[in-house]
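FYI, the numbering for the sequence shown is 1 to 273, going by full-length UniProt numbering. All C-beta atoms, glycine included, are put in the ideal place defined by N, C-alpha and C. None of the values given here were measured: they were computed from a predicted structure. First comes the structure, then the notes that go with it.
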Amino acid sequence: MLELEHGFRIVDVYTRLTPGGEPSGGPQTISPDRLEREMHQAGITRAVVFPRATPETSYVAANNGVARRSVDRPFVAFARINGSEGDGSTATSRLRNAVSSRKSFHTTPEDVEQYAYDDRFHGFVLDPATDGYPDAAVLDVLEDVGHPIIVSGGQNAPPARIAETFLERSIPVIVSHFGGHPLDRDLMNEMIDLLETYDECYLETSFVRYRDVLERALLEHPDRVLFGSGAPDCHPDVAVMEILTLDVSEDKLWRAFSKNTCRVIEALAPDHD
Numbered sequence: 001m002l003e004l005e006h007g008f009r010i011v012d013v014y015t016r017l018t019p020g021g022e023p024s025g026g027p028q029t030i031s032p033d034r035l036e037r038e039m040h041q042a043g044i045t046r047a048v049v050f051p052r053a054t055p056e057t058s059y060v061a062a063n064n065g066v067a068r069r070s071v072d073r074p075f076v077a078f079a080r081i082n083g084s085e086g087d088g089s090t091a092t093s094r095l096r097n098a099v100s101s102r103k104s105f106h107t108t109p110e111d112v113e114q115y116a117y118d119d120r121f122h123g124f125v126l127d128p129a130t131d132g133y134p135d136a137a138v139l140d141v142l143e144d145v146g147h148p149i150i151v152s153g154g155q156n157a158p159p160a161r162i163a164e165t166f167l168e169r170s171i172p173v174i175v176s177h178f179g180g181h182p183l184d185r186d187l188m189n190e191m192i193d194l195l196e197t198y199d200e201c202y203l204e205t206s207f208v209r210y211r212d213v214l215e216r217a218l219l220e221h222p223d224r225v226l227f228g229s230g231a232p233d234c235h236p237d238v239a240v241m242e243i244l245t246l247d248v249s250e251d252k253l254w255r256a257f258s259k260n261t262c263r264v265i266e267a268l269a270p271d272h273d
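Have a look at this one:
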């Protein structure tokens with residue numbers, strides 16, 4: 001693809017990095033070197049990276065692999081975590097949550113503390129549809145350490161459930177895909193509405209294909225939108241162009257591409273380039 005020319009400093013909050021071989025037929029994979037080249041091509045200065053979601057798997061090895069592959073590259077590693085609770089949307093699932101216990105592959109409060117005080121990691125990422133939800137003990141430690149957490153929002157993790165679990169706590173929460181994956185405009189708008197209530201909630205732009213939704217968020221809440229490419233599933237060039245072509249002011253583009261993100265994730269700030 002062509003190298004983009006623009007005058008913005010862009011940082012990316014949603015990029016998956018493969019720590020090792022992944023099965024054929026699975027999600028798109030990419031080497032660290034190729035990811036770095038594609039980022040440069042799109043004018044992306046730094047990117048948050050994390051392993052893909054895998055059900056019933058401990059993420060310790062995958063997180064360490066991502067951290068190793070981030071050394072001497074413009075990557076900021078986030079640790080993927082999981083939880084022992086389901087979505088709690090039915091009486092049966094609420095009962096199951098009440099009696100559930102962590103299994104060996106679930107993230108523990110001690111794991112969270114270890115990641116938080118390891119200078120290789122700068123935040124956490126969770127896909128409730130695959131990873132489940134953390135229990136109260138893990139959430140307590142997440143709140144204590146105060147690192148940002150990226151939560152994948154969508155039909156299996158709707159805005160109300162995200163709000164109930166995470167947004168009532170003092171945790172900077174970045175909701176990916178505007179809370180509406182895959183392409184659920186109603187959920188995206190519902191998530192934008194919640195920005196009025198929750199000051200530490202931010203929305204990330206990957207796989208949001210609706211121009212009106214992106215423009216609404218940037219016009220109504222210009223300080224809460226963070227650019228994410230969704231690489232390698234989406235080429236960074238494509239993700240950047242989707243934002244560049246919005247009908248909003250240059251100041252709002254600057255905010256989405258870097259200013260907002262650097263306020264939430266210090267490791268993406270210019271002095272780390």
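Among the options, nearest to residue i - alpha-carbon criterion
i	options	result
residue 158	142, 175, 149, 170	175
residue 181	222, 197, 127	127
residue 225	251, 234, 238	251
residue 207	246, 197, 146, 179	179
residue 110	141, 86, 135, 132	141
residue 137	101, 148, 123	101
residue 84	191, 125, 132, 123	132
residue 170	185, 183, 149	149
residue 196	53, 260, 217, 139	217
residue 143	165, 265, 129, 240	165
residue 215	255, 106, 135	255
residue 267	74, 50, 43, 65	74
residue 9	37, 173, 42, 38	42
residue 220	120, 193, 209, 211	193
residue 70	33, 5, 240	33
residue 154	120, 67, 104, 205	205
residue 177	209, 59, 65	209
residue 4	18, 31, 40	40
residue 65	19, 117, 7	19
residue 114	76, 156, 60	60
residue 14	201, 273, 261	261
residue 187	160, 172, 239	160
residue 134	147, 123, 86	86
residue 36	201, 11, 172	11
residue 199	222, 183, 107	222
residue 139	53, 259, 244, 167	167
residue 107	202, 80, 241	80
Beta bridge counterpart(s) of residue i as assigned by DSSP
i	result
residue 50	16
residue 154	157, 181
residue 105	DSSP, once it has assigned bridges, lists no residue as partnering residue 105.
residue 80	125
residue 187	DSSP lists no partner for residue 187.
residue 75	47
residue 231	15
residue 198	DSSP lists no partner for residue 198.
residue 133	85
Which of helix, strand or coil DSSP assigns to residue i
i	result
residue 86	coil
residue 38	helix
residue 207	coil
residue 115	helix
residue 176	strand
residue 213	helix
residue 226	strand
residue 192	helix
residue 10	strand
residue 149	strand
residue 272	helix
residue 255	helix
residue 240	helix
residue 167	helix
residue 248	coil
residue 56	coil
residue 265	coil
residue 139	helix
residue 70	helix
residue 4	coil
residue 30	coil
Whole-number beta carbon distance between residue j and residue i, since they are thought to touch under 8 Å
i	j	result
residue 232	residue 16	6 Å
residue 78	residue 112	Between residue 112 and residue 78 the Cβ distance is about 12 Å, and since that is not below 8 Å, they are no contact.
residue 213	residue 185	6 Å
residue 125	residue 50	5 Å
residue 105	residue 58	4 Å
residue 272	residue 46	7 Å
heavy atom of the ligand FMN below 8 Å from residue i C-beta
i	result
residue 245	The model depicted lacks the ligand FMN and carries no ligand whatsoever.
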